[in-house]
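S.K.: Can you read through this structure? Questions will come right after.
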Amino acid sequence: MEDTYLTGTLAGAGSFRCDECSYAVGLDSLEAVPECPKCGASSFSRASLFDIHSPERGGDIQGGDNGEWVAAVRDELEQPGHYLACHEAGRVSVTPLAGQWTKIGRGLSTDIRLDDPTVSRRHALVAQEGSDVRVLDDRSLNGVFLNGERVDSSLLRDGDELIVGRYRLYFLDTTAMAAQSQQGNANATPA
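Following the working numbering, the numbering of the sequence shown begins with 469 at its first residue and continues without gaps.
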């Protein structure tokens, strides 16, 4: 049975999903239950971040070539920032990297919870260092792979593929596109 949280603070940190629209949020242990940023509801259930139950996502973005669905996801992102995207079982999940540190693993205290035995309780960390984002192996059993190579620590670039256990996560950096768009608007001369 899933626990649903309506008020107060959540029991522990981790990944939660809105019961109304399936929007995913990662919360710290002392944070109050928020209103859903997407639909305004205030009922959340603990969830693995990439166990998708959203009726809205995934139907319009098909698997096939990774470049195709990743590009489609990138086009849908409205806010500039850093994101991890995953295409699993015909569904797509996109998670913003909001804090300085994002913990990925199977444990309940992780920010991105991947509930699968191929994932260690503390598998990886994603650290934002100014404009740079770095992935670090957090003493995992199966390792962290970046674009097919096992890494202990490495900078992430837009479009990089991270393999954590059986999951393939794609790093999206839309900050460069937003800066180019703003610069292009500033250089445009009025007619």
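Positions of the beta carbon are idealized from the N, C-alpha and C atoms, including for glycine. Bear in mind that the values here come from a model prediction, so they are computed numbers and not experimental data.
In whole angstroms, what separates the C-alpha of Asp605 from that of Gly611?
M.R.: Computed Cα separation, rounded: 7 Å.
S.K.: Based on the DSSP output, what are the partners of Tyr638 in its beta bridges?
M.R.: The partner list for Tyr638 (beta bridge, DSSP) reads Ala553, Glu629.
S.K.: When the Cα of Glu617 is compared with those of Arg625, Arg607, Leu630, which residue comes out closest?
M.R.: Considering only alpha carbons, the answer is Leu630.
S.K.: Excluding five sequence neighbours on each side, which residues of the same chain lie with their C-beta closer than 6 Å to the C-beta of Asp519?
M.R.: Model confidence at Asp519 stands at a pLDDT of 48, short of 50, so the residue's coordinates are unreliable; what they give is reported in the following sentence. Same-chain partners within the cutoff: there are none.
S.K.: Among the candidates Gly549, Ala553, Pro548, whose CA atom is the shortest distance from the CA of Gly535?
M.R.: It is Ala553.
S.K.: Using a threshold of 7 Å, state whether the C-beta atoms of Asp626 and His550 are closer than that.
M.R.: Going by C-beta atoms, Asp626 is not nearer than 7 Å to His550.
S.K.: Could you compute how far the alpha carbon of Glu544 sits from the alpha carbon of Asp628?
M.R.: When rounded, the distance between both Cα atoms is 18 Å.
S.K.: Taking its Cβ as the centre, do 16 or more other Cβ atoms sit within 10 Å of Cys504, making it buried, or is it exposed?
M.R.: Cys504 should be labelled buried.
S.K.: Tell me whether Val612 sits in a helix, a strand or coil according to DSSP, three-state version.
M.R.: Of the three classes helix, strand and coil, the one that applies to Val612 here is strand, per DSSP.
S.K.: To the nearest whole angstrom, what separates the beta carbons of Leu565 and Val594, a pair I think is in contact under 8 Å?
M.R.: About 6 Å; that satisfies the 8 Å criterion.
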